[in-house]
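Peer 1:
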Amino acid sequence: MPLPLDLIGLLSAPHPKKIFERLLKEKERKPNKAVWSLTNEILPVDLYCYLSVKFGRPNGPQNFFRNDDSDNLIHWDWMLDHPTGHINFLGTNFRTEIWVSGDFSLEKEDCHELVKLIKDDFKNHGREMSEARKSLEKWAEFVNPYQRLSRSVEQMLSEIRKLDLQPETQSLPDFADDEEAFKESWGEALGRYSKGLGLCFGVRSMLPVMAEAYVNFLLFVLMRAELKTDNRLRENTLRQPIDIRVKSLHMTCVGFEKPIDYTTSQCKAYHSLVNERNDLLHGNVVLEKLKFNDVYFNGKVPIFSEYRSMWKRTVGVEIDAVGLHRLEKEVEVVQSFIEYITSCLQPEVQKTIKYVAQKRELGWNSKTGGISVLFPDHLADFKVGFGGAIKQDSYST
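Below, the structure written as structure tokens:
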């Protein structure tokens, strides 16, 4: 049975006091008939603005149970009265829940009808809905690139450490020395080191980029207004070589207590690390870094300057080329570099940057240029069911 065409016109928003008084009186509670879920069949911002201009501020009981922040299961709740019952509209993290109670005669298809009735009424409130949307703060959610790189590096480092690569004590015997040990251990060792050295290459390539991402993050958050609002000046600042960006942070950004001294050990070590990364990543042929042995030839006859074991000729060569023995030191170099730059900030700014930099997702207000943490690190969801109620877990048109 389709919903009555005048359903929307008969809805009204009672005062919250009246709602709570009614809820406390068990005998006045209406039987629950339906729990419907909408995702983007009606965009949540459109529905929120529509309900606001048509019925006023959210009046449902869930508004009084929420925390005064964005960490809630239910963010807003309208309870609307109808001559035959009540309809609740609740905004959650992943969908809009519609709870229908009373003497309605409903079927699952009636959710489609309700969506159509609401959308058809939009045209009667278009101007007011537009003004309501303008009154809201608009934030763009974005991924923090520094934190994304930092987490990736930490995950890869964790995998490397679990592999327990210790080439100084784990070299395998030659085939001629111990045939059985050679056969048993070689395959396992090759697989473990092959994976570990691949991860090591990835981490060493990413470490300088992670530090650069931190510098770019500071520029994004703290860049002076006169630079940020001028496209040419902003792009010119961001396109400078990394050492120039670092040296000029106190000039291009607010919040610095002192200039960054690029002659410090932390900056010198990072600068060397960048050069090392360029050789590694771009495949530069630097013989003093790539050489692993000398060999003589008499015509086509090789004469080795010294013999090396099969382990050193295979896995050992890769270990040296990839730089496994330098990995932990390079991690310390990047951490020290980031800590030094942070230490040059004003104390209060340091606290803010340390907090925000560790968040995976952030928000940007294009109107004010403000940066903020919009939501907690965790995600939470729930599902409500009423005995005998019609349930529709997902909605599709």
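Our numbering numbers the first residue of the sequence shown as 624 and each following residue consecutively. Even glycine gets a Cβ: it sits at the ideal position worked out from N, Cα and C.
1. For the alpha helix (DSSP H) containing glycine 749, list its first residue and its last residue.
2. Please return the same chain residues whose Cβ sits closer than 8 Å to the Cβ of proline 684, not counting the five positions on each side in sequence.
3. So is phenylalanine 687 buried or exposed if we call it buried at 16+ other beta carbons inside 10 Å?
4. Applying the criterion that 16 or more other CB atoms from any shown protein chain within 10 Å of the CB defines a buried residue, is lysine 656 buried or exposed?
5. Note down, one range per segment and in chain order, each beta strand (DSSP E) of at least 3 residues found wholly within the region 829-903.
6. Can you name the start and end residues of the alpha helix (DSSP H) that threonine 965 belongs to?
7. Rounded to whole angstroms, what is the Cα-Cα separation between isoleucine 1013 and methionine 829?
8. Which value, in whole angstroms, describes the spacing of the CA atoms of arginine 900 and valine 826?
9. In three-state DSSP terms, what is lysine 739?
10. Helix, strand or coil, according to DSSP, for aspartate 744 in the structure here?
11. Does the Cβ of glutamine 789 have 16 or more other Cβ atoms within 10 Å, making it buried, or fewer, making it exposed?
12. CB-CB under 7 Å to leucine 729, same chain, minus the five flanking residues each way: which ones, in chain order?
13. Could you pull out every unbroken beta strand (DSSP E) segment of at least 3 residues lying fully inside the region 663-750, listed in chain order?
14. Are isoleucine 721 and serine 660 closer than 9 Å when you measure CB to CB?
15. From the DSSP output, in three-state form, read off tyrosine 930 for me.
16. Is it buried or exposed, proline 831, if we count other Cβ atoms within 10 angstroms and call 16 or more buried?
17. With C-beta atoms as the reference, is valine 996 less than 9 Å away from lysine 982?
18. Exposed or buried, what is leucine 626 when buried is set at 16 or more other beta-carbons lying within 10 Å of its beta-carbon?
19. Can you tell me where the beta strand (DSSP E) with alanine 1003 in it begins and where it stops?
20. Report the residue from Glu811, Tyr963 and Val776 whose alpha carbon sits nearest the alpha carbon of valine 954.
21. Please classify leucine 1002 as buried or exposed, where buried requires at least 16 other C-beta atoms within 10 Å of its C-beta.
22. If you follow the alpha helix (DSSP H) that valine 979 is in, where does it begin and where does it stop?
23. Considering only the alpha carbon of each residue, which of Tyr816, Ile994, Arg847 and Glu760 lies closest to valine 668?
24. Can you give the beta carbon distance from isoleucine 665 to lysine 742, rounded, assuming they're within the 8 Å contact cut?
25. In the DSSP assignment, the beta strand (DSSP E) including alanine 763 goes from what residue to what residue?
26. Is it buried or exposed for glutamate 835, if we count other Cβ within 10 angstroms and need 16 for buried?
27. Using only the alpha-carbon positions, how far apart do serine 753 and arginine 784 sit?
28. On the DSSP bridge assignment, give the partners of asparagine 921 in chain order.
Peer 2: Reading from the atomic positions:
1. 749-757
2. Pro639, Ile642, Phe643, Leu646, Asp700 and Met702
3. exposed
4. buried
5. none
6. 950-966
7. Residue placement at isoleucine 1013 is poorly supported in this model, since its pLDDT is 44, which falls under 50; the coordinates are not used for a value here.
8. 10 Å
9. helix
10. helix
11. exposed
12. Lys656, Ala657, Val723 and Ile1013
13. 697-705, 708-715 and 719-725
14. yes
15. coil
16. buried
17. yes
18. buried
19. Note, alanine 1003: premise wrong, no beta strand (DSSP E); not H, not E.
20. Val776
21. exposed
22. 970-980
23. Glu760
24. 7 Å
25. 762-766
26. buried
27. 55 Å
28. Val924
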